[in-house]
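Participant: Before I ask anything, here is the structure I am working with.
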Amino acid sequence: MKHRTFFWFILPSLAAMILFIALPTVSVAIQSLFVEHEQVMVEVENCGPFKCETVLQVDTEATAVLQEEAPLGRFNGLRTYANRKHLAFEQVGVAWDETETFGAFFSELLNLPFYKALIFTLTYTFVVTPLVVVFGLGVALAVNRVPSLLKGPTIFVSLLPMIVTPLVGALIIFWMVDADGIIGATLQRIFNDPNLSLKASTPLTWIMLIVYGIWSSTPFSFIVFYAGLQTVPKETLEAAKIDGATRWQAVRFVVVPYMMPLVVFITLMQLMDNFRMLEPILAFQASAKATSLSYIIYNDLRGGDIPQFGSAGASSIMTIIGVAILLTPVLIRTWRDFNRKRA
Amino acid sequence: MSFMKSFAIGATAALFATAAYAECEISSGRVNVLANDFPALKAVTSTAAECTGGVTVEANHNKDFRNITVQALTANPAEYTSVIVANSSIVPLLNEGLLRPLDDLVAKHGQNLKKNQLITIDGKIMAVAFMANAQHLFIRQDILDQVGKPAPTTWEEVIETGQAIKDAGVMEHPFAFLSMSDWNLGEEFVNMYLGHGGEFFKPGTAEPAINNEVGVATLNMLKELVALSNPDFLTYNTATVVPIWKSGDLAIAQLWGSSGGELLGGEGAQEGVAENTVLIGAPTVAGGSTPSSSLWWDGFTISKNISDEDAEATFIAMVNGISDKMVEANNDAAVWLMDSYTPGPAAAGVAATAAAGADPYPMLPYMGLLHQAFFEELPDFLQGNESAEQTLADIEAAYIAAAKEAGYL
Chain A
517 MKHRTFFWFI
527 LPSLAAMILF
537 IALPTVSVAI
547 QSLFVEHEQV
557 MVEVENCGPF
567 KCETVLQVDT
577 EATAVLQEEA
587 PLGRFNGLRT
597 YANRKHLAFE
607 QVGVAWDETE
617 TFGAFFSELL
627 NLPFYKALIF
637 TLTYTFVVTP
647 LVVVFGLGVA
657 LAVNRVPSLL
667 KGPTIFVSLL
677 PMIVTPLVGA
687 LIIFWMVDAD
697 GIIGATLQRI
707 FNDPNLSLKA
717 STPLTWIMLI
727 VYGIWSSTPF
737 SFIVFYAGLQ
747 TVPKETLEAA
757 KIDGATRWQA
767 VRFVVVPYMM
777 PLVVFITLMQ
787 LMDNFRMLEP
797 ILAFQASAKA
807 TSLSYIIYND
817 LRGGDIPQFG
827 SAGASSIMTI
837 IGVAILLTPV
847 LIRTWRDFNR
857 KRA
Chain B
13 MSFMKSFAIG
23 ATAALFATAA
33 YAECEISSGR
43 VNVLANDFPA
53 LKAVTSTAAE
63 CTGGVTVEAN
73 HNKDFRNITV
83 QALTANPAEY
93 TSVIVANSSI
103 VPLLNEGLLR
113 PLDDLVAKHG
123 QNLKKNQLIT
133 IDGKIMAVAF
143 MANAQHLFIR
153 QDILDQVGKP
163 APTTWEEVIE
173 TGQAIKDAGV
183 MEHPFAFLSM
193 SDWNLGEEFV
203 NMYLGHGGEF
213 FKPGTAEPAI
223 NNEVGVATLN
233 MLKELVALSN
243 PDFLTYNTAT
253 VVPIWKSGDL
263 AIAQLWGSSG
273 GELLGGEGAQ
283 EGVAENTVLI
293 GAPTVAGGST
303 PSSSLWWDGF
313 TISKNISDED
323 AEATFIAMVN
333 GISDKMVEAN
343 NDAAVWLMDS
353 YTPGPAAAGV
363 AATAAAGADP
373 YPMLPYMGLL
383 HQAFFEELPD
393 FLQGNESAEQ
403 TLADIEAAYI
413 AAAKEAGYL
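Chains as they are written, first to last, in the working numbering: chain A, 517 to 859; chain B, 13 to 421.
Structure below.
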């Protein structure tokens, strides 16, 4: 395709991407460099149904004047990124100086909200992503062997976790693992421990979230692999069979290499999605045991009465950087393959 | 028969129509109310909607209303002409100056309002309160009788009684409070800290003053209480605890007074639970005399960015919404502040808590940030992962970071 034709061809989607993705990202990045104006406070007398008291209140007129002068707020540079709610350089430095062992330093680190969230987010991402790829391929191979009469219903049932709205699916499981729910009560019976609670223990909550993540994402990778399986060349498979390959060897040496581009595609998608996980934490009410980077953003904006836009912006930008770092190895690999094929 | 029936219905409808017509007629204007979602507030807005004439009355009840108030009222003209707020949710609106002083409207249309309903800030009326709420104890009289304990008046007695119930094998987890690791848990800290007589801020500043012995005592008391609660306590909010109470698996709980009507009504409850449910005041702690609870009011405000006509229409409709007629029809739905209210057993707990001198929840611009720091840092301590001192230092650090960003420090 000529460069000119190509340009006109992608112009609409390029424009949409700039408008809906690039510009909002830039605006978030700018927002993260600013904090709110200094609030001008005045002492006033407040009276309510219970009593009167003298308290500080924001002087809205004086603050409005400040806002008029600089609508974005005070420029704060990268200090929001460095504060305790984010990278916490100061606190990390103190912890490094004061702790003797690496374990002690690590537990100090986990006490800081950003690092605590980062640890869970990374664990979740690196456990869920490979398992989703493996299980998706497994389910696809199994469904491919099902007699054609049963194929339709089997595919439908396998896709159910993806069809159910994530929040609803998570809530259903949350009720099932309740101490009075079917899974929770059964586990208590199996382990003969009436105090066993999936919601009360941190490791069990992590496992629950990870299992939920695998359950809800596997159908996506299954359907992609299943579509891919239909295009695996029959001749090669037959040739392998004639050469005496077992079923396992046929999968290992014919199907998997053929599906490698799909594996890369699903890995990319899953890395991005899992790094941004939020709904399961809310639905499982797990924020006391596990927080993710997206949860921090959510909590800044929705947790209290006063939304903290600068802080949320900084966390968003760091999430984007995190995703970029995670995707780099996969993208480099794809780029090399692409160049090799072109050469 | 059918003629009689339809006649009767027609006549009643006509009667109601005239009654409403006579009570509240507004010739023009737009009324749109944004409010939290619980029955008492719905009673107010639906009564306000009975106003007739050229006026349109709409209401949006939403549990997440706090998250949209500022944006919705910043627009000019504002989407909502009125927001029903509480001590804490009025603060962001005051900070941004989005509320209209009501002095002239109160003088013109508010003759029936009592002085203590008027929320004044710096001498200007900014809201009209109509109901009170507070967290206080709910007890199961039959269970307490079974272990031979009186109704607890202090948190120490709650622990003693709870332990006795546990030891007697009646219940494994006899106690619950609203300890979900979100806003709810922050409120429990606030209540317990107020009960210990603590101050949240250094006087006249936004600097935190919680990292002290009072804070440590507060944390330790909370930890003793969660030991009597179900291990799932970090997921307990009103929606979780109320059904557990109804199923008869709790003996003592600290809940919102506004849950009282439902729990005493006993709909969907096990036999014998509602009959034995008693509402008593919030307990004191550590030998203090102030109940460990904070007093809350709910009231209506009028937006600044709307026309005077809409503001007047809204005020008249809302005054109708909190009229004697509404109180009489919904007497037990809340602890109303109006004179026509007859306190029943559902109000006993809030009334006792207020009478014992509980403090109102601090209506400070930066209180929300401290409240958020409480619930972000408390779970680590309650799960036994760190010391009380470390938790208080964390709360202080988290608050300072947030308050600096918001421009208070």
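In this text, a Cβ means the ideal position worked out from N, Cα and C, and glycines have one as well.
1. Run through chain A and tell me which residues come within less than 8 Å of residue 320 of chain B, C-beta to C-beta.
2. For residue 132 of chain B, return the contacting residues in chain A, with the cut-off set at a CB-CB distance below 9 Å.
3. Count the C-beta pairs between the stretch 147-162 of chain B and the stretch 264-279 of chain B that are closer than 8 Å, then say yes if the count reaches three, no if not.
4. Less than 8 Å between the CB atoms is what I'm expecting for residue 882 of chain A and residue 620 of chain A, so what's the real figure, rounded?
5. For residue 247 of chain B, which residues in chain A fall below 7 Å Cβ to Cβ?
6. Between the Cα of residue 270 of chain B and those of B:129, B:358, B:215, spot the shortest distance and give me the residue it belongs to.
7. Would the C-beta of residue 146 of chain B count as close to the ligand MG, meaning under 7 Å from any of its heavy atoms?
8. Roughly how many whole angstroms lie between the Cα atoms of residue 33 of chain B and residue 73 of chain B?
9. What's the gap between the Cα of residue 611 of chain A and the Cα of residue 831 of chain A?
10. Nearest to residue 436 of chain B by alpha carbon, out of B:346, B:128, B:234, B:208?
11. Could you tell me the distance, in whole angstroms, from the CA atom of residue 847 of chain A to the CA atom of residue 780 of chain A?
12. Enumerate in chain order the residues of its own chain whose CB-to-CB distance from residue 187 of chain B is below 6 Å, with the five nearest sequence positions on each side excluded.
13. By the 10 Å Cβ neighbour count, where 16 or more other Cβ atoms means buried, how is residue 519 of chain A classified, buried or exposed?
14. Bridge partners of residue 284 of chain B, per DSSP?
15. Against chain A, with Cβ distances strictly below 8 Å, would residue 100 of chain B count as a contact?
16. Measuring CA to CA, which of A:672, A:661, A:810, A:709 is closest to residue 739 of chain A?
17. Would you call the CB atoms of residue 201 of chain B and residue 421 of chain B closer than 8 Å?
18. My assumption, with CB atoms under 8 Å, is that residue 40 of chain B sits in contact with residue 67 of chain B. Please give the rounded CB distance.
19. Of all the residues that make up the stretch 235-262 of chain B, which are near chain A by a beta-carbon distance shorter than 7 Å?
20. Pull up the DSSP beta-bridge partners for residue 136 of chain B, would you.
21. With DSSP run on the structure shown, which of helix, strand or coil describes residue 542 of chain A?
22. Hey, residue 638 of chain A and residue 631 of chain A are a contact pair by Cβ (cut 8 Å); roughly how many whole angstroms apart?
23. Taking its Cβ as the centre, do 16 or more other Cβ atoms sit within 10 Å of residue 147 of chain B, making it buried, or is it exposed?
24. Please list, in chain order, the chain B residues whose beta carbon lies closer than 7 Å to that of residue 695 of chain A.
25. If you check the beta carbons only, do residue 64 of chain B and residue 37 of chain B fall under 8 Å apart?
26. Just mark residue 530 of chain A as buried or exposed, buried being the case when its beta carbon has 16 or more other beta carbons within 10 Å.
27. Secondary structure at residue 571 of chain A, three-state DSSP: helix, strand or coil?
28. What do you reckon, are the CB atoms on residue 190 of chain B and residue 248 of chain B nearer than 8 Å?
29. Ignoring anything shorter than 4 residues, give me the alpha helix (DSSP H) runs that lie fully in the stretch 42-88 of chain B, in order along the chain.
30. Can you list, in chain order, the stretches of the beta strand (DSSP E) that have 3 or more residues and sit fully within the stretch 161-189 of chain B?
31. Grouping DSSP H, G and I as helix and E and B as strand, with all else coil, what is residue 553 of chain A?
32. Verify the CB distance criterion: does residue 375 of chain B have a CB-CB separation below 8 Å to chain A?
33. Mapping the DSSP letters down to three states, classify residue 602 of chain A as helix, strand or coil.
34. Which chain B residues sit within Cβ distance under 7 Å of residue 827 of chain A?
35. In chain order, what residues of the same chain lie with their CB nearer than 7 Å to the CB of residue 331 of chain B, ignoring the 5 residues before and after it?
36. Any idea what DSSP makes of residue 28 of chain B, helix, strand or coil?
Facilitator: The answer reads as follows:
1. Residues of chain A passing the Cβ test: none, with the nearest at roughly 20 Å.
2. 561, 562, 563, 564, 568
3. yes
4. This structure gives no information on residue 882 of chain A, because the portion of chain A shown stretches from 517 to 859.
5. 715, 801
6. B:358
7. The ligand content of the structure shown is nil, which means the ligand MG is not present either.
8. The predicted position of residue 33 of chain B is uncertain, since its pLDDT is 40 and thus under 50; no value can be drawn from it.
9. The C-alpha of residue 831 of chain A is placed about 22 Å away from the C-alpha of residue 611 of chain A.
10. For chain B, the structure presents residues 13 to 421; residue 436 of chain B sits outside this window and is missing.
11. 9 Å
12. Cβ-Cβ distances below 6 Å link residue 187 of chain B to 174, 240, 241, 264 in the same chain, with the five nearest sequence neighbours on each side left out; the list follows chain order.
13. exposed
14. BP columns for residue 284 of chain B are empty, so no partner.
15. Cβ-Cβ to chain A under 8 Å: yes for residue 100 of chain B.
16. A:672
17. no
18. 6 Å
19. The stretch 235-262 of chain B vs chain A, Cβ under 7 Å: 243, 244, 246, 247.
20. For residue 136 of chain B, which the question treats as bridged, DSSP gives the partners B:133.
21. Here residue 542 of chain A sits in helix by DSSP.
22. 10 Å between Cβ atoms; not a contact.
23. buried
24. 244
25. It is a contact, given that the beta carbons lie within the stated cut-off.
26. exposed
27. strand
28. At the C-beta level, residue 190 of chain B and residue 248 of chain B come within 8 Å of one another.
29. 51-60, 78-86
30. 187-189
31. coil
32. Residue 375 of chain B counts as touching chain A.
33. coil
34. Residues of chain B passing the Cβ test: 417.
35. 121, 122
36. In this predicted model, residue 28 of chain B has a pLDDT of only 44, less than 50, meaning its place in the structure is not dependable; the value taken from the coordinates is given anyway. Three-state DSSP puts residue 28 of chain B in a helix.
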